[in-house]
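For reference, the structure discussed in these notes is given below.
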Amino acid sequence: MVKFQDSDKCLEAIAKQESGGNKNIGCVMDKGSLSCGQFQIKLPYYKDAGEPGRQPGQPVEDAWKQCANDYSCAATSVKNYFDRYQNKCPDVPPCEAMARLHNGGPNGCNKSATDVYWNGVKDKL
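Throughout the sequence shown, residue numbering follows the numbering used here, covering 67 to 191 in sequence.
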C-alpha cells in the first residue's frame, strides 16, 4: 500500500495537473479514448488498478466511470496503480514515481515524455 509522507498532497497535485481540480469534469475524449474524473483515468488503467469499487455483476465500464468520478475511489485507483508498478521506478522519489507512472504507464519513470508532466505536478505541490 502507498505509504509515503504527503501522498495525499501528491494525489491532489496529480488531480490538479490532470483536470485543474474540476470535480465535475466527467469523461472526455483524450488521445482516442475516454478519460474520466479528476485524475482522467482510462479503462485499461482502472483494470490495472484492480477495479476498485466494482460490485459483483456490475459491468466494468459502469464501475470505471463511477469510480473515476468519485475522488476517493479514483485516488484508490491511482494508489493501487502505483503499488502495482512502483518497483519499476527504483531510486525515484515516491511522488515523482506516482506522477510519472500515472502519466506514462508502467514504464513512465523511464520515459522522458513524462518530464513535463512531472514538472507540472511538482509545481502544484
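Quick reminder that beta carbons are idealized off the backbone N, C-alpha and C, glycines included.
Nearest to residue i (by Cα), restricted to the options the options
{"i": "GLY98", "options": "LYS89, ASN88 and LEU109", "result": "LEU109"}
{"i": "GLY116", "options": "SER73, ASP189, PHE105 and VAL144", "result": "VAL144"}
{"i": "ASN90", "options": "ALA79, ILE80, GLU78 and GLY103", "result": "GLY103"}
{"i": "GLY92", "options": "ALA140, PRO156 and GLY186", "result": "ALA140"}
{"i": "LYS131", "options": "ARG150, TYR111, ASP149 and GLY170", "result": "TYR111"}
Distance between residue j and residue i (C-alpha atoms, nearest Å)
{"i": "MET95", "j": "ALA134", "result": "14 Å"}
{"i": "GLN83", "j": "ARG166", "result": "12 Å"}
{"i": "SER138", "j": "THR180", "result": "25 Å"}
{"i": "GLY86", "j": "ALA79", "result": "9 Å"}
{"i": "ASP136", "j": "ASP189", "result": "24 Å"}
{"i": "ASN173", "j": "LYS154", "result": "7 Å"}
{"i": "ALA129", "j": "ARG120", "result": "5 Å"}
{"i": "ALA205", "j": "GLN71", "result": "Missing from the structure shown is residue 205; the chain here goes from 67 to 191 and no further."}
{"i": "GLN124", "j": "SER101", "result": "19 Å"}
{"i": "TRP184", "j": "LYS177", "result": "11 Å"}
{"i": "LEU77", "j": "PHE105", "result": "9 Å"}
{"i": "GLU127", "j": "ILE107", "result": "12 Å"}
{"i": "ASP149", "j": "PRO156", "result": "13 Å"}
{"i": "TYR151", "j": "PRO122", "result": "26 Å"}
{"i": "SER73", "j": "VAL182", "result": "20 Å"}
Opposing strand residues paired with residue i [DSSP bridges]
{"i": "LEU100", "result": "MET95"}
Cβ pair residue i, residue j closer than 8 Å
{"i": "THR142", "j": "PRO160", "result": "no"}
{"i": "LYS75", "j": "LEU191", "result": "yes"}
{"i": "VAL158", "j": "CYS175", "result": "yes"}
Residue ranges of each alpha helix (DSSP H) within the segment 107 to 153, 4 or longer: 109 to 114, 126 to 134 and 137 to 151
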